[in-house]
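J.: Going left to right, the sequence shown walks through residues 120 to 316 as our numbering numbers them.
Okay, here's the structure, questions in a sec.
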Amino acid sequence: MAEKTGADPGSGFGLFFRLNPEVDDVVERFGAVGPDGVRVLVMGSVVQPAAGCLCPENALLAAVAGSVSLRENETILMDTQAGVEHFGRALAQGFRHAAVVTDTTFNGVQVALHGARLADTLGIPAIHLVVNRVGSPEEYERTLASIDEAGGFPFTSRHALPFDDTLRECDPAVGPMLEQPSSRFLQGVMALGSISV
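If you want it as structure tokens, here you go:
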């Protein structure tokens, strides 16, 4: 962080930092390669309370995302914390797809709709809805109806991830879950592959 932006993580308010850090080597230097050849890079987590402005961290994250998005034959999958701050900071600007994940609750639906509208404002052309922890087809339909009642959104596609006790039993490890092809949740995740990147 300090090397790339000139600011130490959590160093507080009112500091000077580079808005356009050099990031060509970040993925190769700091990314971990999984057994399937996918390179994973974890960035942008809050590690202590009241640490001040996260502007340097977000500048670095935006620069890395922008750099990788310009590479040929590469895909970025940015998994963010729940909420809409990443849209407010335009971290997803230039992406071609956004998968907005919600649960079946009223508040979850409200945040999902707000996120979808922000993604649309950023110019992301394909915005997909993923409803997580769905207990039944009726619950999924009620959730879709509540989305429409709240003003709706023209999602490119809509997906349901069924509630599955096996996921809770495996948590936090996902490996055992992947070994259960009959899992309804895993089948739902595999169906997300239809979101073309």
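Using N, Cα and C, we set each Cβ at its ideal position, and we do this for glycine too.
Just checking my contact of Arg-303 with Pro-273 at CB under 8 Å: how many whole Å lie between their CB atoms?
T.: Sequence index remark: in the sequence shown, residue 303 carries index 184 (1-based). Sequence index remark: in the sequence shown, residue 273 carries index 154 (1-based). Going by Cβ atoms, the distance from Arg-303 to Pro-273 rounds to 28 Å, so no, they are not a contact pair.
J.: By Cβ distance below 7 Å, which residues in the same chain neighbour Ala-279 in space, the five residues on each side in sequence not counted?
T.: What you label residue 279 is simply residue 160 of the sequence shown in a count that begins at 1. Cβ neighbours of Ala-279 beyond the five flanking positions: Val-250, Val-253, Tyr-259, Gly-307.
J.: Would you kindly report the start and end of the unbroken beta strand (DSSP E) that includes Ser-265?
T.: Looking up residue 265 in the sequence shown gives position 146. That residue, Ser-265, is in no beta strand (DSSP E); its alpha helix (DSSP H) goes 256 to 268.
J.: Spell out a yes or no on whether the segment 206 to 225 and the segment 239 to 250 are touching, meaning 3 or more CB-CB pairs, one atom from each, closer than 8 Å.
T.: Flag = yes, the segment 206 to 225 and the segment 239 to 250 touch.
J.: Applying the 10 Å Cβ sphere with the 16-neighbour rule, what's the burial state of Glu-298?
T.: Here residue 298 refers to the residue found at position 179 of the sequence shown. It counts as exposed.
J.: What residues are listed by DSSP as bridge partners for Arg-148?
T.: To locate residue 148, count along the sequence shown from 1; it is residue 29. Answer is none; Arg-148 lacks a bridge partner.
J.: Less than 9 Å between the C-beta atoms of Met-197 and Leu-179, yes or no?
T.: In the sequence shown, residue 197 corresponds to position 78, counting from 1. In the sequence shown, residue 179 corresponds to position 60, counting from 1. Result no, Cβ atoms of Met-197 and Leu-179 do not sit closer than 9 Å.
J.: Which residue or residues does DSSP assign as beta-bridge partners of Thr-221?
T.: Here the question's residue 221 lines up with position 102 in the sequence shown. Looking at the DSSP assignment, Thr-221 forms a beta bridge with Val-250.
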